[in-house]
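> One structure, pasted below without further comment.
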Amino acid sequence: MLKDRSRIERQLTKAQQQLTACETKLASEGVTGKARGKNAVWRLLNADYRQLKRRLIAVAALEAREAGVIQRKAEKAAAAEAVEA
Numbered sequence: 000m001l002k003d004r005s006r007i008e009r010q011l012t013k014a015q016q017q018l019t020a021c022e023t024k025l026a027s028e029g030v031t032g033k034a035r036g037k038n039a040v041w042r043l044l045n046a047d048y049r050q051l052k053r054r055l056i057a058v059a060a061l062e063a064r065e066a067g068v069i070q071r072k073a074e075k076a077a078a079a080e081a082v083e084a
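Residue 63 in numbering that gives the first Met the number 0 sits at position 64 of the sequence shown, with consecutive numbering throughout.
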């Protein structure tokens with residue numbers, strides 16, 4: 000699976016809009032709080048939203064790890080050049 004931050008952020012925004020629209024519709028029907036959990040459409044949209052948030056967190060962790068690797072490689076190369084000089 001391609002972990003593309005911009006794609007996931009776009010999907011997350013769309014999922015948030017859909018979830019908000021569903022919550023607004025349910026609120027107009029008088030369904031609020033825990034009663035929303037009984038609605039299958041709301042549960043599906045909420046699950047999609049939470050899944051995308053988790054994916055975005057995973058992408059951030061992956062980016063941090065990769066940045067650390069690049070930094071360590073640069074430090075190692077700089078140390079090797081200092082020894083040679």
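Heads up, the beta-carbon is just placed ideally off N, CA and C, and yes, glycines get one too.
Should the segment 57–64 be regarded as contacting the segment 32–48, the criterion being three or more beta carbon pairs within less than 8 Å?
They do not touch, by the three-pair rule.
> Less than 9 Å between the beta carbons of leucine 51 and asparagine 38, yes or no?
No, Cβ-Cβ distance for leucine 51 and asparagine 38 is not below 9 Å.
> Three or more C-beta pairs closer than 8 Å, one from the segment 2–17 and one from the segment 41–57: is that the case here?
Judged by Cβ distances under 8 Å, the segment 2–17 makes contact with the segment 41–57, as three or more pairs qualify.
> Mapping the DSSP letters down to three states, classify asparagine 38 as helix, strand or coil.
Asparagine 38: coil per DSSP, three-state reduction.
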